[in-house]
Amino acid sequence: MAASILMLIMDGVGDRAVEELDGQTPLEAAETPNLDHIAKFGENGLMDTISPGIRPGSDTGHLSLLGYDPFEVYRGRGPFEAAGAGLSLEPEDVAFRCNFATEKDGIVVDRRAGRIKERRDELAEAVQEIDIGVDFQFKETIEHRCVLVLKSGGLGGDVSDIDPHEPDSEFQEAVPLVDSEENKRTANILNDFTKKSSEVLSDHPVNEEREKEGKPPANIILPRGGGKVPELKGLKEKEGLNGAAISGIALVRGVCALAGMDLIDIEGATGGIETDTEGIVEGALTALKDHDFVLVNIKGPDIAGHDGRPHQKIDIIEKIDSALEPLRDIEDTYVAITGDHSTPVTIKDHSGDPLPLTIKGKDVRTDGVQEFHERACSRGGLHRIRGSNLLDILKDLADRTEKFGA
Ligand code: ZN
Ligand code: ZN
């Protein structure tokens, strides 16, 4: 019987030499007995998620890891956020990420409406009632975040953001980024949506109450990151894999949902540092019982990277490591452990530095690598591959490929 496949993505785990750590990377400085064990009995290498020197986003990175060409299928972040929020999308819908924000006299005074947490569903319901001449779905996600999907044919996805991105700036008018009738139509609809959402939110009881309490009202919606929903061939059709995903972040959930994977929720698993790593690993092992392929994304290392905190990155890496004990001797499954991109603490953003990669499973050719980190894995038998090669390599090991030729 063909073996199953587990891909564990430590988001943003790769790093550079950090002076504060005597030139080590956080992964090198961390105590990681389980990761080291897996590397020792695995085959190791470096991986460029997209291609050398390209700085992946989490969305384009995961697309590549699932064997899609992000340069071909990626048309903006909005559709993945909306799919991750559980909205059902059709190819050609146009989706945006949005914020609830606070506006005064045309100036956005708080892009996040005080990171509003309460009664957002009531505000979203009121926005859903407005008439902009086309069908749309609007939904709140986490805190001030929300998503908008325009469900009408004949719309373009290349329009500029309403969100000014800077505080104390005027909110912007959407304009086509590429001159076309479809994009003009989308821009007009978006401008109308912004105006009408502001009207319906301004005197909404939730906002009246907020103002009484001295909180900034959520009186405008600021869409950004618009794009058309790509038509992705599902993993079942493309790879013959019945897949599932575990992730606390909407963007990654959305990529996996659009790839036709089952999304599995784990109680206590979040997109934060405090996430329940043991629960996640347990959930992945359960999911492997009725799926050929399970992808797990753990966000923590990326957060520490963006915050520029090497010691926090070490802590979260060690916390993940301590949850990996059950993967040491797992049978009938090929386990790959890597990241979706590097997020060096010295850069505080994603970089194109290649990631360490280890693959463990029956009869893999061990290569003398004794530890799991960037430098050790660079001496492994997989050498340097691209993210889009990874699923092929795993499928081949798991006896899930057809011979090419006679
Ligand atoms: Zn990421
Ligand atoms: Zn990031």
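Residue numbering for the sequence shown is 79 to 484, as defined by the working numbering.
We put the beta carbon where it would ideally sit given N, CA and C, even for glycine.
Since we're looking at a predicted model, the values are computed, not measured.
Rounded C-alpha distance that separates residue i from residue j
i: LYS426; j: GLU309; result: 33 Å
i: PRO148; j: VAL374; result: 20 Å
i: PRO111; j: GLU251; result: 54 Å
i: ILE398; j: ALA191; result: 34 Å
i: LEU255; j: ASP236; result: 5 Å
i: GLN390; j: ARG406; result: 25 Å
i: ARG198; j: GLN206; result: 12 Å
i: GLY92; j: GLU181; result: 39 Å
i: LEU433; j: ASP137; result: 16 Å
i: ARG462; j: ILE87; result: 17 Å
i: ASP209; j: ILE298; result: 16 Å
i: ARG331; j: GLY135; result: 14 Å
i: LYS473; j: GLU480; result: 10 Å
i: ASP441; j: SER429; result: 33 Å
i: PRO245; j: ALA179; result: 10 Å
i: ALA382; j: GLY483; result: 47 Å
i: ALA117; j: ILE351; result: 24 Å
i: ASP213; j: LEU226; result: 11 Å
i: LYS293; j: LEU329; result: 29 Å
i: PRO169; j: LYS262; result: 19 Å
i: LYS274; j: PHE216; result: 13 Å
i: SER82; j: TYR412; result: 6 Å
i: GLU260; j: ASN269; result: 14 Å
i: CYS455; j: LEU233; result: 47 Å
i: ARG133; j: CYS334; result: 20 Å
i: ALA365; j: GLY131; result: 34 Å
i: ILE471; j: HIS243; result: 41 Å
i: ASN55; j: MET125; result: For residue 55 there is no data in the structure shown, the boundaries of the chain being 79 and 484.
Residue nearest to residue i in terms of C-alpha spacing, selected from the options
i: ALA107; options: LYS118, ASN122, ALA328, ARG94; result: ARG94
i: HIS115; options: ARG462, LEU472, GLU480, ASP445; result: ASP445
i: PHE249; options: ILE267, GLU203, PRO301; result: PRO301
i: LEU141; options: GLU449, LEU226, LEU475, ARG464; result: ARG464
i: LYS314; options: LEU268, ILE394, ASP370; result: ASP370
i: GLY386; options: THR421, PRO404, THR416, ILE376; result: THR421
i: LYS377; options: GLU150, ARG193, ASP418, LEU472; result: ASP418
i: THR264; options: GLU109, GLU286, GLY312, GLY211; result: GLY211
i: VAL278; options: LYS217, LEU201, LYS311, PHE214; result: LEU201
i: PHE119; options: ALA484, LEU468, THR424, ILE415; result: ILE415
i: SER247; options: ASP188, GLY231, GLY483; result: ASP188
i: ALA323; options: PHE271, ASP340, GLU170, LEU329; result: ASP340
i: LEU336; options: ILE344, GLU259, GLU345, LYS316; result: LYS316
i: GLU409; options: ASP183, SER129, ARG453, LYS367; result: LYS367
i: LEU84; options: SER276, GLU150, HIS384, GLU360; result: GLU360
i: GLU159; options: GLU150, VAL151, CYS176; result: CYS176
i: ARG223; options: GLU203, ARG193, LEU165; result: ARG193
i: LEU167; options: ASP183, HIS282, GLY338; result: GLY338
i: PRO283; options: GLY321, HIS243, ALA204; result: ALA204
Ligand 1 heavy atom lying under 7 Å from the CB of residue i
i: SER247; result: no
i: GLY378; result: no
i: GLY304; result: no
i: SER136; result: yes
i: ASP399; result: no
i: GLY430; result: no
i: ASP43; result: Nothing about residue 43 can be read from this structure; the chain reaches only from 79 to 484.
i: GLY383; result: no
i: GLY139; result: yes
Cβ neighbours of residue i in the same chain (closer than 6 Å, five flanking residues each side left out)
i: GLU98; result: PRO388
i: GLY241; result: Here the sequence assigns Asp to residue 241, which means Gly is not the residue at that position. So the qualifying residues of the chain are LEU300, ARG302.
i: ALA80; result: ALA476, ASP477, ARG478
i: LEU319; result: LEU313, ASP370, PHE371
i: LYS438; result: ILE116, PHE119, GLY120, VAL413
CB-CB length for residue i against residue j, believed under 8 Å
i: GLY326; j: GLY349; result: 3 Å
i: ALA347; j: THR353; result: 5 Å
i: PHE174; j: GLY162; result: 13 Å between Cβ atoms; not a contact.
i: GLY305; j: ARG153; result: 4 Å
i: LEU113; j: LEU402; result: 6 Å
i: GLY90; j: ASP393; result: With 8 Å as the limit, GLY90 and ASP393 do not qualify as a contact, their Cβ atoms being about 14 Å apart.
i: GLY458; j: GLY123; result: 5 Å
i: SER238; j: VAL253; result: 5 Å
i: THR127; j: GLU452; result: Actually they are not in contact, since the Cβ atoms of THR127 and GLU452 sit about 14 Å apart, beyond 8 Å.
Near ligand 2: residue i beta-carbon under 7 Å from a heavy atom
i: GLY90; result: yes
i: THR353; result: no
i: THR421; result: yes
Interface flag, residue i vs chain C, CB-CB below 8 Å
i: ASP370; result: The structure shown has no chain C; it contains just one protein chain.
Same chain, Cβ closer than 7 Å to residue i, neighbours up to 5 away in sequence not counted
i: GLU289; result: PRO295
i: LYS195; result: GLU221
i: THR424; result: ARG94, VAL96
Spatial neighbours of residue i in its chain, beta-carbon cut-off 8 Å, leaving aside the 5 residues before and after
i: PHE450; result: LEU105, THR110, LEU113, ASP114, ILE116, ALA117, ASN122, ILE415, PRO434, THR436
i: GLU218; result: PHE178, ARG198, ASP199, LEU201, ALA202, CYS224
i: ARG443; result: GLU121, GLY459
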